[in-house]
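Read through the structure below, which is laid out as structure tokens, and then see the notes.
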Amino acid sequence: MKYFLLVYDRPRGALVEEPREFDDHLAALRVRFDRERNDHNANHEIVVLSGEDVESLKRTHSRYFGNQDGLERVATGGTS
Amino acid sequence: MPLSGNQIDSLGKRLKASDQVATDDLDLLEELLSEHAAALLALEDRLRSLGLSPHGRLKTSQTIVEKLQREPLSLRGVHDLAGTRVVHKMTLDQHTELSEAILRVCPGAKLLDRRVQPSHGYRAVHVNTKVDDRWVEIQLRTLYQDTWAQTTEWFADRWGRQMRYGHAPNDPDAPFGAQTSPPYTRGEAWAIRLRLSDQIKQVEADENAGSIDPENLVRKAVYVMRDALTLPDVPTAPALPLPSNRGPGVLGEEDGGTVTP
Chain A
1 MKYFLLVYDR PRGALVEEPR EFDDHLAALR VRFDRERNDH NANHEIVVLS
51 GEDVESLKRT HSRYFGNQDG LERVATGGTS
Chain B
1001 MPLSGNQIDS LGKRLKASDQ VATDDLDLLE ELLSEHAAAL LALEDRLRSL
1051 GLSPHGRLKT SQTIVEKLQR EPLSLRGVHD LAGTRVVHKM TLDQHTELSE
1101 AILRVCPGAK LLDRRVQPSH GYRAVHVNTK VDDRWVEIQL RTLYQDTWAQ
1151 TTEWFADRWG RQMRYGHAPN DPDAPFGAQT SPPYTRGEAW AIRLRLSDQI
1201 KQVEADENAG SIDPENLVRK AVYVMRDALT LPDVPTAPAL PLPSNRGPGV
1251 LGEEDGGTVT P
């Protein structure tokens, strides 16, 4: 199992940086806590997700990896 | 030594009242989250024993404070400080069977069936269970339910997180994009998404009854949404090690969606 630190910009709907991978959950959490204390941008969501790899995270936490170009179609159920 | 109930309650009260969280309180909150991390990992091991691939997370410090300030909850009453998610292609009956299998490996767990009791369009099954005296929430979603939830959260991130709780988007009369025909406002687009939740519910009921129509417009819309966001495919639900003794039906149907075994 791996642990991935993500820094996500909510209004932009996009990751701020590439996911950072850790083998140890507590090590990942320590970095998350440190980032939370020092990143004062209220739009940033700093989270650690567990998973086999980044691709598997996209199955359950896809909003962090959303494709901006699909925005308009998605909002109306894809039928517009 | 784990934080005591009194320590957690006092911390919650201070977080509820604070404009800016004190450093000492951040230390305590991080300690509490680390305790939940251990519970989360132990629970995910149990879920993997069922052949599932859970993906977990701890709530961010900011969203914990926001939740405490938004809702009449104590910190001990926030049961999703740690949470993990399982998503599969499955029928509603398979979804129910999976929920029951999880209840069997989580004695004392509580089930909240948001298929029976949706939250502002959100549908899923949640199982809340205690591990080493710390609550962990399991979110079980079908592919349809997850697609709706993920795309809705994405819009709430952009147009205002109050949308998750049933409120209108920021600037609801603004056009949300230039490429739709007819042009939609944010508010109209949001209303369409709520209707889509009901339509997905019907498609799931039809497919559960064996009526799968590949040309169904709502079914197609879900897959178009996934393509638009380049979401990967998800696996079908695994064969479960223990058979279900229940007949067809929906857990919690009789009591508004909550089951405590």
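Residue numbers (my numbering), protein chains in the order written: chain A, 1 to 80; chain B, 1001 to 1261. The C-beta atom is built at its ideal place from N, Cα and C for all residues, glycine as well. Note that this is a predicted model, so its numbers are computed, not measured.
Going by the DSSP bridge assignment, what does residue i pair with across the sheet?
i        : result
G1083(B) : R1057(B), E1137(B)
N947(B)  : No statement about residue 947(B) is possible, as the shown extent of chain B runs from 1001 to 1261 and does not include it.
H1088(B) : T1142(B)
T1185(B) : P1175(B)
Quick one: what does DSSP say residue i is sitting in, helix, strand or coil?
i        : result
V163(A)  : The requested residue 163(A) does not occur in the structure, where chain A is confined to residues 1 to 80.
H1095(B) : helix
F65(A)   : helix
G78(A)   : In this predicted model, G78(A) has a pLDDT of only 46, less than 50, meaning its place in the structure is not dependable enough to derive any value.
L1050(B) : coil
L6(A)    : strand
P19(A)   : coil
S56(A)   : helix
A1101(B) : helix
A14(A)   : strand
S1119(B) : strand
S1004(B) : coil
V1078(B) : coil
G1160(B) : coil
E1066(B) : helix
L1073(B) : coil
G1012(B) : helix
N1170(B) : coil
Could you tell me the distance, in whole angstroms, from the CA atom of residue i to the CA atom of residue j?
i        : j        : result
V1116(B) : I1212(B) : 22 Å
A1209(B) : T1142(B) : 16 Å
R1076(B) : G1012(B) : 8 Å
G1083(B) : S1049(B) : 18 Å
A1149(B) : Q1020(B) : 31 Å
T60(A)   : L1140(B) : 10 Å
S1053(B) : P1235(B) : 10 Å
A27(A)   : P1214(B) : 46 Å
V1136(B) : Q1199(B) : 31 Å
R1158(B) : V47(A)   : 18 Å
L1026(B) : H25(A)   : 19 Å
Y1165(B) : K1220(B) : 27 Å
D1113(B) : H1120(B) : 14 Å
D1093(B) : N1006(B) : 42 Å
S1034(B) : C1106(B) : 21 Å
S1205(B) : L1240(B) : Here residue 1205(B) turns out to be Ala, not Ser, going by the sequence shown. In a straight line, the C-alpha of A1205(B) is about 22 Å away from that of L1240(B).
R1123(B) : S56(A)   : 22 Å
L1032(B) : N38(A)   : 20 Å
H1079(B) : V1222(B) : 30 Å
M1001(B) : H1167(B) : 41 Å
E36(A)   : L5(A)    : 12 Å
E1097(B) : A1228(B) : 31 Å
L1029(B) : D34(A)   : 13 Å
N41(A)   : Y1144(B) : 33 Å
Grab me the residues of residue i's own chain with a C-beta within less than 6 Å of its C-beta, minus the 5 sequence neighbours each way, in chain order.
i        : result
A1109(B) : L1103, V1127, T1129
G13(A)   : G66
T79(A)   : Bear in mind that the predicted position of T79(A) carries a pLDDT of just 43, short of 50, making it unreliable; the figure below should be weighed with that in mind. No residues qualify anywhere along the chain.
L1081(B) : H1036, K1059
P11(A)   : N43
G1056(B) : L1040, E1044, T1084
F22(A)   : Y3, A28
V1086(B) : L1052, P1054, L1140
Give every residue of the same chain whose Cβ lies closer than 7 Å to the Cβ of residue i, excluding the five residues on either side of it in the sequence, and list them in chain order.
i        : result
D9(A)    : V16, N43, H44
H1095(B) : V1125, L1140, T1142
S1099(B) : L1111, V1125, V1127, L1140, L1251
R1186(B) : W1159, P1169, D1171, P1172, A1174, F1176
K1016(B) : L1068, Q1069
K58(A)   : F65
Near residue i, which residues of its chain fall below 8 Å by C-beta distance, leaving aside the five closest residues on each side in sequence?
i        : result
E1254(B) : Caution is warranted here: a pLDDT of 46 is assigned to E1254(B), below 50, making its placement in the model unreliable, and the coordinate value is therefore given only provisionally. None.
Y1184(B) : P1175, F1176, G1177, I1192
When the cut-off is 8 Å and only beta carbons count, does residue i lie next to chain E?
i      : result
F33(A) : The structure shown has no chain E; the protein chains it does contain are A and B.
Practice item. Would you list, in sequence order, the uninterrupted alpha helix (DSSP H) runs of no fewer than 4 residues that lie entirely inside the segment 1189-1244 of chain B? Key: Counting only runs of 4 or more, we get 1217-1228.
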